[in-house]
Structures are given as C-alpha cells and as structure tokens.
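Under my numbering, read the sequence shown as residues 969 to 1176, first letter to last. A virtual CB, placed ideally from N, CA and C, is assigned to each residue, including glycine.
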Amino acid sequence: MITPQRETALLRSDLSNGASGSPNHRVTRVLIVDDSPRFRVELRGLLELEDIQVVGEAGNGWEALSLTETLNPDLILMDQNMPALSGIDATRRIKQAKPDRRVVFVAAEEAWRQEAMRAGAEGYFVKGEGFDQLLRVILQPGLAGALQYQREGHKQRRSVLRRVGVTLAGMAVFALFLIVFPLPPQWFPAIALLFATFSFVLYLFGGE
C-alpha cells in the first residue's frame, strides 16, 4: 500500500525528470480525482508549474461524476482505489455520458491497467512512473496510445527473452542428466520426443 507520504515522495522524485520549459500550448483544463488530499495538492502544484489549469479536485468517483458535469474539464486524472465509487466505475459512467471526455489513470498499482483501458481510459500511469510522460500525454491527445503500444512491445520482448532463457537452461539440465545417466540406444526416439516436448513446455510457460 502506498501511503500519502510515499505518494508525495514519488511525485517529487518525478519532478526532477519533468518536462519543465515545455513549448507554448493551449491551456488544458484538468480535474484531479484521488482520495488522498496530499497527493491532489502535490499533483496540482506540478501541473500548474506547466501552465495546466486544474479546474477542480474530487475525492471519490461520485464527486468526479458531479464535477465532470459542472466543470466540463478537458481531461480527468483518475485514481482507482477510492471510497463510494472506484475509478474504473466512475470512468465507465463518464464515458457513457461524455464519450469524448479524456480520462487518464494515475493509480497506485499496475493491477487494473487492462480493466481501466476497457472502461475507456486513454492512458494508465502508476504513481512514480514518470511525470514527464504523464505531462506529454496531458498535452498531446492521442499520445497515450503510442506509449501504451511501446510499453506492450517492451513487455513482449522481455517475455520472449525469459522464455528462451528458461528453455535453454532446461535443455542443458536435461542433456546433463542424459550424460550422467546414459540410456540404451533403443530408447533414443522416445528420449528425443520427450526432449522436444519438454523444451516446448518450457518455452510456452517460461515467460509467465
């Protein structure tokens, strides 16, 4: 669990990597939705340094729905774990009422990324991932999709490398076993089939 103090530390560390001095752009009107008052204050301060107008703050999903209707923000920065109504449920309701409204998650954990995207979120950031990327997504509609695609590509490549590594290690152990415990030649076809099956299973599940 990320405490308010930890959230503050994460945001401050991100500021050192931020996108200060960004080029001129139309002022983006943002609604911050998070149940941590400390986090909302910190995030508001960072956004306003970049000339991004924070039009309001909400502490739960129901407040987010109400303020979205009354304040009509360009973009909603949405948390997930909140009392009364979660960020995903709030996002789903907001997108049903206002399909063109942009919603970007800034959540404490990675676990809800896919569900948030299915609910209609444009992007998903884990607190502490990098304020500069979040800022770019806020200022450049449509960029979140490219970043998501890039992130998924890196994830897939890492998975393939893990699979190959696990498979090679397993093959080496299997070969060592055959060297230490030699078997009769008539067993070779069965051993070859077993070896191939063993390698395939390792590759199939080794990246999980």
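Contacting residues, own chain, Cβ-Cβ under 6 Å from residue i (five flanking each side not counted)
| i | result |
| --- | --- |
| Phe-1073 | Met-1046, Ala-1084, Ala-1089 and Tyr-1092 |
| Leu-1035 | Leu-999, Gly-1024 and Ala-1026 |
| Arg-1069 | Ile-1062 |
| Asp-1042 | Thr-996 and Arg-997 |
| Arg-1081 | Tyr-1092 |
| Thr-1165 | none |
8 Å contact criterion, which residue i and residue j should meet: CB distance rounded
| i | j | result |
| --- | --- | --- |
| Ile-1044 | Ile-1106 | At roughly 11 Å, the Cβ-Cβ gap does not stay under 8 Å, so Ile-1044 and Ile-1106 are not in contact. |
| Gly-1055 | Gln-1064 | Between Gln-1064 and Gly-1055 the Cβ distance is about 15 Å, and since that is not below 8 Å, they are no contact. |
| Asn-1028 | Leu-1053 | 6 Å |
| Lys-1181 | Ala-1075 | Look at the range of the chain in this structure, 969 to 1176, and you will see that residue 1181 is not part of it. |
| Pro-1051 | Asp-1003 | 6 Å |
Sequence-distant residues of its chain with Cβ nearer than 8 Å to residue i (five each side left out)
| i | result |
| --- | --- |
| Val-1148 | none |
| Pro-1150 | none |
| Ala-1158 | none |
| Asn-992 | Note that Asn-992 scores a pLDDT of 42, beneath 50, so its modelled location is shaky and nothing firm can be said. |
Residue from the options whose Cα sits closest to the Cα of residue i
| i | options | result |
| --- | --- | --- |
| Ala-1058 | Glu-1077, Ala-1087 and Arg-1081 | Ala-1087 |
| Gly-1097 | Gln-1082, Gln-1108 and Glu-1077 | Note that residue 1097 is Glu in the sequence shown here, rather than Gly. For the residues Gln-1082, Gln-1108 and Glu-1077, the minimum Cα distance to Glu-1097 belongs to Glu-1077. |
Residue i vs residue j beta-carbon contact at 7 Å
| i | j | result |
| --- | --- | --- |
| Leu-1033 | Arg-1061 | yes |
| Leu-1103 | Glu-1018 | yes |
Beta-carbon contacts of residue i that lie in its chain and below 7 Å, excluding the five residues immediately before and after
| i | result |
| --- | --- |
| Asn-1040 | none |
| Val-1022 | Val-998, Ile-1000, Arg-1012, Leu-1015 and Glu-1016 |
| Pro-1067 | none |
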